[in-house]
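Residue numbering for the first sequence follows our numbering, beginning at 4 and increasing consecutively.
Glycine included, every Cβ here is placed at the ideal spot set by N, Cα and C.
No experiment lies behind these values; they were computed from the predicted model shown.
Down below is the structure, laid out as structure tokens.
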Amino acid sequence: MILITSFFNDSTLRIAPKLLGKFLVRKIGKRRIEGIITEVEAYVGPYDRASHASRGKTPRTEVMFGKPGYWYVYLVYGMHHCLNIITEREGYPAAILIRSVGVEADPRGSIRGFTQMITGPGRVCKYFKIDKRFNKMSANKKSGLWIEDRGIRISARDIKRGKRIGVDYAGKWRNKPWRFFFANV
DNA sequence: GATAAGATCATCT
DNA sequence: GATGATCTTATCA
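Structure, rendered in structure tokens:
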């Protein structure tokens, strides 16, 4: 079942842990690239200094202020693309960064058993062949990049929280426990 | 564990 | 002109 706009039109911090165990799917012609989402980070609202949106609406960040269920893709450090899904109502800037994905195995209803982990947002984009072409596109079959729920049940025990990575400049926002990930997968 | 440097460029000031 | 939602490698503790 493909996750649609209504799934993303909700509190970012409520959605973020729910994305764990969902599948990121990329279709290129007849080929599919897919993997189970194992780590995400939430960037929430106009005041979160770790979020690009805290500097106000600019040509780059306007997609964060737009409709939920769209992709926000940008280049950091001159070499890595990062993939985010826009959340919350139009006008409120928020997104979830997809940091890690498990691939190369059929989980058969489990979050374990993957033979390869793609760790880090830069590597996720490289593996899924994602670049700025997807920026401002919607997450559905038409764009060729979407998120699916395959009915894997996630136990609250499997979900860990921690501070976000690489945002030490963000003042009091730096320690917000808005990173969600699976432990021991 | 913590901290740092280098690669390399779109974005913002 | 400065900087970063990264990644790798290195050094210190």
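Query: According to the Cβ coordinates, are residue 6 and residue 25 closer than 8 Å?; Result: yes
Query: Between the Cα of residue 55 and the Cα atoms of 115, 152, 176, which residue gives the shortest distance?; Result: 176
Query: I'd like the list of long-range same chain contacts for residue 18, defined as Cβ closer than 6 Å, with 5 residues on each side in sequence excluded.; Result: 90
Query: Please report the straight-line C-alpha distance between residue 21 and residue 135, rounded to a whole angstrom.; Result: 25 Å
Query: Report all residues from its chain with a CB closer than 8 Å to the CB of residue 73; omit the five preceding and five following residues, and keep chain order.; Result: 66, 88, 89, 139, 140, 141, 142
Query: Closest to residue 150 by CA distance: which of 171, 160, 37 is it?; Result: 37
Query: What is the rounded straight-line gap between the Cα of residue 122 and the Cα of residue 14?; Result: 25 Å
Query: Quick check: residue 104 and residue 40, are their CB atoms within less than 8 Å of each other?; Result: yes
Query: With a Cβ-Cβ cutoff of 8 Å, do residue 12 and residue 63 count as a contact?; Result: no
Query: Helix, strand or coil, according to DSSP, for residue 120 in the structure here?; Result: strand
Query: Which stretch, first to last residue, makes up the beta strand (DSSP E) that contains residue 27?; Result: 26-31
Query: Report all residues from its chain with a CB closer than 8 Å to the CB of residue 180; omit the five preceding and five following residues, and keep chain order.; Result: 164, 165, 166
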